[in-house]
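Data first, discussion second: the structure below is written as structure tokens.
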Amino acid sequence: MSLADLYHTIRGQVLRGVVKLLDDTGPEQHVSVVAHAGQQRTAVPVHYPFGFSSHVPVDGAVTHILQNGGDPSDLFALPPSNPGAARMGGLKEGETILYDQAGQRLHFQNGRVVAIDTTVGMLIKQQGKPLLTLSEEGHVFHGDLFVQGNIYAQKDMMAGNVSLQGHTHSGVQAGASETGEPGGGANPPGPPKSPIAD
């Protein structure tokens, strides 16, 4: 083998390609890419770190393909990137961020704050069942809520259909007699409905 052949063999171990198709339907993600000189590689498996998965926006996505043992029929791709699709830059040293195309993000600010920024709301589940939904319209706890500190409310609080500020009592008498149970105020508001689908 000449030095030129050896050079091209080594040079071909790593290819940079433009992602044209992405299949994320199976247990392993596959991409089809166009590499240098119009070379096409289809159904190339993508190797992700354990515990992380992503579906990159295909328009503008690029990746690198490696040939195992120099075999062009035994390929794998690195996780694709898309620098032009809502990439979160400007991080300070030590910070980490997870984000999506819509700009939602989970921002670890180097031991200071963990900031979560969503477009609609947040849903927390346990074994597929909702525990907490947070949205601009209201926050819903799916289960009992136990508070070990004080509760401060700038507006009214409801217990069923009974308003803390606007309820009335029946059977009011002078002296030490007890009143009846509180009744609901006029047009008590109902519980908030979350726009987030379970």
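The sequence shown begins at 0 in numbering that gives the first Met the number 0 and counts up one residue at a time. Cβ coordinates follow ideal geometry from the N, Cα and C atoms, glycine included.
In the DSSP assignment, Lys-128 falls within the beta strand (DSSP E) that extends over 128-134. Within a 10 Å sphere around the beta-carbon of Gly-127 sit fewer than 16 other beta-carbons, which makes this residue exposed. Looking at the DSSP output, Asp-155 bridges to nothing. Per DSSP, Ser-31 is one residue of the beta strand (DSSP E) stretching across 29-33. According to DSSP, Met-121 shares a beta bridge with Leu-133.
Residues of the same chain with a CB within less than 8 Å of the CB of Met-0, apart from the 5 flanking positions on each side, are Thr-8 in chain order.
The Cβ-Cβ distance between Arg-111 and Leu-74 does not fall below 8 Å.
The shortest CA-to-CA distance from Asn-109 to any of Thr-117, Ala-101, Val-32 and Ile-96 is the one to Ile-96. Around the beta carbon of Ala-60, 16 or more other beta carbons lie within 10 angstroms, which makes this residue buried. Only buried fits Thr-62, as 16 or more other CB atoms lie within 10 angstroms of its CB. Less than 8 Å divides the Cβ of Val-45 from the Cβ of Val-30.
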